[in-house]
Each structure stands twice: as structure tokens, then as C-alpha cells.
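Numbering (the numbering used here), first residue to last: 1 to 134.
Cβ coordinates follow ideal geometry from the N, Cα and C atoms, glycine included.
Data first, discussion second: the structure below is written as C-alpha cells.
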């Protein structure tokens, strides 16, 4: 299954994102995605967004901590500010990739940085459009 309206062939599985809780917030009239990572050391990256029938689909990649690093053993919030205004309905899809640096490059939207294929995105959160604050 591919995301609704997705023109780039971004692979989306029809199941929930289970790696960590996700919720939406608002900063300066833009949607912010907040993940509750199980430890420190996680990284979150806004990949892209695509139109959907009545709003936007946002794609985010979460990178696992460096296995050689010491990380905080506490729930840590990851904040990803999107370019999507709160007047727009939003669906968020996320995926987790391993910490990999190959030739100094991190995984990209279409390449995992390893011989393994990129994992597909799964549904993480959604929110309906809100009226513009006066």
C-alpha cells in the first residue's frame, strides 16, 4: 500500500506505528510531531510531505541511537516541526532505521544506508484542521 496521493511511491504499511508513542502539537501555527523515545540518543528527521484528499501526509524517519554511545536511560521527547499549517488536516507516518553511517552519510528517504531495504512507514498520528487563531 502506498500513501494516499503519494506520487513518489513512498511505501506505507496499513498498520500502526508501534516503536514509540507519537502525538501532535502546535508551534507558531504549524503542526509539530512529538515522539516519546524510550531512551536518549534517538534522532528524528522530517523527510517529506505529500498531498492527500483533504490535507497533507507527513513522513518522518526516526534513527536508533548509536550502539557504541552512552545514552540517557529515560523517556526522551523528540520534536519535529513540520511546514504544515494547523488549518490543514495532517496524517503522520513514521519509520525506524538503524544507526548507520556509511561513507559519512546517514540513511535517506529512499536508501537505508545498508544492504537492507528501507523499512516502510506506518501510521503514527493524525489531527483534523483547526481554525486559524484570531
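Residue closest to residue 100, alpha-carbon to alpha-carbon, out of 66, 16, 34, 61 = On the chain shown, residue 100 is found 100 positions in, with the first residue counted as 1. Ranking the options by Cα distance to residue 100, first place goes to 66.
How should residue 49 be labelled, buried or exposed, when 16 other C-beta atoms within 10 angstroms of its C-beta is the threshold for buried?
-> One-based indexing of the chain shown puts residue 49 at position 49. Of the residues assessed, residue 49 falls on the buried side of the cut-off, its CB having 16 or more other CB atoms within 10 angstroms.
Distance between residue 68 and residue 9 (C-alpha atoms, nearest Å) = As a position in the chain shown, residue 9 is number 9, starting the count at 1. As a position in the chain shown, residue 68 is number 68, starting the count at 1. Taken atom to atom, the span from the alpha-carbon of residue 9 to that of residue 68 is near 34 angstroms.
Rounded straight-line distance, which links the Cα of residue 47 to that of residue 79 = Within the chain shown, numbered from 1, the residue matching residue 79 stands at position 79. Within the chain shown, numbered from 1, the residue matching residue 47 stands at position 47. When rounded, the distance between both Cα atoms is 14 angstroms.
Length of the line joining the Cα atoms of residue 34 and residue 70 = Residue mapping note: residue 34 aligns to position 34 of the chain shown, counting from 1. Residue mapping note: residue 70 aligns to position 70 of the chain shown, counting from 1. The straight-line gap from Cα to Cα measures roughly 23 angstroms.
Do residue 72 and residue 129 have their CB atoms nearer than 7 angstroms?
-> Locating residue 72 in the chain shown gives position 72, counting from the first residue. Locating residue 129 in the chain shown gives position 129, counting from the first residue. No, the Cβ-Cβ distance between residue 72 and residue 129 is not below 7 angstroms.
Cutoff 8 angstroms; reference residue 21; Cβ partners in own chain excluding five residues on either side | The residue labelled residue 21 in the question sits at position 21 within the chain shown. Result list for residue 21: 35, 36, in chain order.
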